[in-house]
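Residue numbers for the sequence shown follow my numbering, beginning at 86 and rising by one.
All C-beta atoms, glycine included, are put in the ideal place defined by N, C-alpha and C.
Being a predicted model, the structure only gives us computed values, none of them experimental.
Note sheet for the following structure.
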Amino acid sequence: MYFAILGPLEVRNQHAPVNVGGAKRRALLIALLANANRIVPTDQLMAWLWPNGRPPRSAALVIQAHVSSLRQLLEPSRLPRTLPKVLLTNAAGYLMQLTPEQLDVLLFESLLLTGNRYLAQDAPHKAAEVLREGLALWRGAALCDVRDLPAARNEVTRLDELKLTATVQCIEADLRMQRFLEVIPQLTVLIAEFPYHERFYAQLMTALSGCGRRAEALALYQRARRLLAEELGVEPGPELRAVEAAILHGDS
86 MYFAILGPLE VRNQHAPVNV GGAKRRALLI ALLANANRIV PTDQLMAWLW PNGRPPRSAA
146 LVIQAHVSSL RQLLEPSRLP RTLPKVLLTN AAGYLMQLTP EQLDVLLFES LLLTGNRYLA
206 QDAPHKAAEV LREGLALWRG AALCDVRDLP AARNEVTRLD ELKLTATVQC IEADLRMQRF
266 LEVIPQLTVL IAEFPYHERF YAQLMTALSG CGRRAEALAL YQRARRLLAE ELGVEPGPEL
326 RAVEAAILHG DS
């Protein structure tokens with residue numbers, strides 16, 4: 086069985102998509118997948134299923150019933166009275182026991198670590214390949230089915246930051262391979278989406294300068310400096326200043 090939450094919830098067996106059921110059961114499964122390989126207490130699951138903060142008195146029994154249905158769905162060949170292998174129960178709550186090959190989030194995190202390791206080893210070709218594989222797992226916004234739930238907020242923020250990190254690192258790998266023309270359109274879009282992200286300005290300046298467009302790179306620095314000063318009341322950070330200095334001295 087394969088699970089995906091980097092986009093709409095998706096559950097697949099070897100042959101076809103699996104219909105999980107209604108909204109509450111889907112929210113329960115997403116909560117367990119978002120905390121894969123960690124015990125999720127029942128009261129936390131209640132916050133996912135009843136976000137108004139008023140679960141019914143029967144909430145624990147409702148969760149038990151949904152868990153039982155999910156087990157039948159996820160392990161249809163499990164014999165009666167045998168212990169489940171995927172969705173486990175203990176005194177503290179419930180746990181989904183999964184590997185990176187079974188859940189897109191775990192695979193993405195593994196690929197991000199591998200890509201960062203290749204960058205540290207100065208192997209940008211391998212880094213770019215692995216990081217692109219990880220970014221390709223994203224089919225939309227993380228946890229998009231439950232993204233607005235207060236209970237999902239921390240995990241949504243964490244996953245969004247990891248995606249941003251993977252994007253930055255993938256572009257860094259491309260820059261090390263002097264793929265300047267290829268990254269300019271992507272960085273232009275990213276700056277429009279994240280106007281205060283200094284790393285993207287630094288990367289676009291590097292790409293522009295690498296294409297012989299030094300004047301545009303320096304103009305971009307001034308644009309970033311004005312934006313940061315007017316909107317945030319701060320000066321550019323060390324990395325952005327260092328890129329400007331390198332361009333001025335002909336080192337970039």
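- In the DSSP assignment, Leu172 forms a beta bridge with Met181.
- A direct Cα-to-Cα measurement between Ala121 and Asn104 gives close to 20 Å.
- Between Ile332 and Ala302, the CB-CB gap stays under 7 Å.
- Rounded to the nearest whole angstrom, the CA to CA distance from Leu188 to Val171 is 12 Å.
- Ala119 and Glu214 have their alpha carbons spaced roughly 26 Å apart.
- By the criterion of at least three beta-carbon pairs nearer than 8 Å, the stretch 167-185 is not in contact with the stretch 263-275.
- Residue pairing by DSSP places Pro102 opposite Arg97 in a beta bridge.
- Only residues of its own chain outside the window of five on either side were considered, and among them Glu95, Val96 have a CB closer than 8 Å to the CB of Pro102, listed in chain order.
- Counting along the chain, the unbroken beta strand (DSSP E) around Tyr87 starts and ends at 87-89.
- Per DSSP, the beta bridge partners of Leu188 are Phe88.
- Cα atoms of Ala258 and Glu267: separation of roughly 12 Å, rounded to the nearest angstrom.
- Given a length threshold of 4 residues, each whole run of the alpha helix (DSSP H) inside the stretch 229-304 is given here in chain order: 238-261, 265-278, 283-295.
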